[in-house]
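K.L.:
Residue numbers (the UniProt record's numbering): 1 to 90.
First the structure, which I've put down as structure tokens, then a few questions once you've had a look.
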């Protein structure tokens, strides 16, 4: 038997506390960096999702405006919303 090994030398609580403190410091630095930046950089995938959501919002807005123009029998508005340049009308 190796009597030099003492199981009470390793303090698990002390290790856990130092690990969490280091992780929190890293997260805090990252958070500060993000908040201090003038612009936030997104990955290509995030930009794609943002663009898709914005496009879907515009499409939904367009459809509701078309329905409104049909209900009010506003031919000029309907034609503007169904034209190729419909985004400038909204």
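We put the beta carbon where it would ideally sit given N, CA and C, even for glycine.
Measuring straight from C-alpha to C-alpha, what distance separates residue 64 and residue 50?
P.N.:
Counted from its first residue, the chain shown places residue 64 at position 64. Counted from its first residue, the chain shown places residue 50 at position 50. Taking the straight line from one Cα to the other gives about 21 Å.
K.L.:
Taking the alpha-carbon positions, what's the residue 60 to residue 13 distance?
P.N.:
On the chain shown, residue 60 is found 60 positions in, with the first residue counted as 1. On the chain shown, residue 13 is found 13 positions in, with the first residue counted as 1. Rounded to the nearest angstrom, the two C-alpha atoms are 54 Å apart.
K.L.:
Between which two residues does the alpha helix (DSSP H) holding residue 64 run?
P.N.:
Start at 1 with the first residue of the chain shown, and residue 64 comes out as number 64. Start and end: 44–72.
K.L.:
May I ask you to report which of helix, strand or coil DSSP gives residue 81?
P.N.:
The residue labelled residue 81 in the question sits at position 81 within the chain shown. Looking at residue 81 - three-state DSSP - the assignment turns out to be helix.
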